[in-house]
Amino acid sequence: MGEATTPPTAKSRKWLYAVVAVVIIVVVVGALLYWFFIKPQGIPWLFKGAYAKYYGETTVLFITVEMNVRIEVVDYNATHAKLLMYMEAETPVGTQEFQNVTWVNLDEKSYDVEGYNLKKTYEQEVYIEGFGTRTCIIYEYESETTPKTLMTIYVDKNVEWPVKIKYSSEAAQEMPSMSIVLTITESNIPGLKK
188 MGEATTPPTA
198 KSRKWLYAVV
208 AVVIIVVVVG
218 ALLYWFFIKP
228 QGIPWLFKGA
238 YAKYYGETTV
248 LFITVEMNVR
258 IEVVDYNATH
268 AKLLMYMEAE
278 TPVGTQEFQN
288 VTWVNLDEKS
298 YDVEGYNLKK
308 TYEQEVYIEG
318 FGTRTCIIYE
328 YESETTPKTL
338 MTIYVDKNVE
348 WPVKIKYSSE
358 AAQEMPSMSI
368 VLTITESNIP
378 GLKK
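Printed below as a string of structure tokens:
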């Protein structure tokens with residue numbers, strides 16, 4: 188016989204929504220970060236309609252949160268790419284959606300992420316289910332303001348596209364600890380298609 192579960196309280200729902208908002212912000216920052224690593228010449232993903240979908244799941248305050256993310260190139264020119272980022276967080280208490288469109292300068296090459304310090308960069312073989320083993324350049328970041336808050340972005344070396352984004356933080360100031368890994372699940376980009 189299964190254990191009885193009690194419905195989330197208003198306080199736990201507030202914390203859950205706050206945590207989901209933090210995850211969404213981190214994912215947006217992580218996704219935008221990648222676009223500053225590249226140059227516009229010969230990029231396999233630089234075409235209208237290029238996209239990738241990601242999925243991740245975590246538990247916050249005993250509540251499961253499922254994240255679905257889609258990043259798509261909706262337009263571009265010689266110096267900029269217009270990106271649409273759509274995120275959906277599903278929980279037993281509801282679904283939250285977030286969408287953002289932004290133009291990103293392709294000529295800039297910066298490893299700075301606001302609020303984070305780049306701690307380490309290295310190359311490693313990484314297995315991604317459905318995509319096989321990929322050679323990735325891995326960028327590890329640490330939050331400047333929140334101790335023990337880390338973000339890691341795995342960028343496929345050949346395709347120059349993020350295939351995995353990890354975020355983790357330890358409990359602090361009434362916020363629960365959390366960890367989420369967003370992994371690519373689908374793409375139409377040459378070199379990443381299943």
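The working numbering applies: residue 188 is where the sequence shown begins, and numbers increase by one. Glycine residues also receive a C-beta, built at the ideal position from the N, C-alpha and C atoms. Please read these numbers as outputs of a predicted model, since none were measured by experiment.
Around the beta-carbon of Asp343, 16 or more other beta-carbon atoms lie within 10 Å, marking it buried. Contact annotation: Gly243 and Leu369 have beta-carbon atoms nearer than 8 Å. Counting along the chain, the unbroken beta strand (DSSP E) around Glu275 starts and ends at 267–278. Looking at the backbone, the Cα of Val346 and that of Phe318 are separated by about 12 Å. Cβ contact annotation for Ser330 (same chain, cutoff 7 Å, sequence separation greater than five): Gly302, Tyr303, Thr336, in chain order. Looking at the DSSP output, Leu369 shares a beta bridge with Ile352. The C-alpha of Leu233 is placed about 30 Å away from the C-alpha of Ser355. Annotated as distal: Ile325 and Ile371, with beta-carbon spacing of 8 Å or more. Looking at the DSSP output, Ser374 shares a beta bridge with Ala239. A Cβ-Cβ distance of about 5 Å is found for the pair Val252 and Thr245, placing them in contact under the 8 Å criterion. Cα atoms of Tyr328 and Pro279: separation of roughly 31 Å, rounded to the nearest angstrom. Across the set Ile258, Met254, Ile250, Val247, the C-alpha of Ile258 shows the shortest separation from the C-alpha of Ile376. The beta carbon of Thr308 sits closer than 6 Å to the beta carbons of Tyr326 from its chain, once the five residues preceding and following it are set aside; these are given in chain order.
Its Cα nearest to that of His267, the residue Lys235 stands out among Lys235, Thr332, Leu379, Lys306. Its chain contains Thr320, Arg321, Thr322, Cys323 as the residues whose beta carbon lies nearer than 8 Å to that of Glu312, once the 5 sequence neighbours on both sides are disregarded; these appear in chain order.
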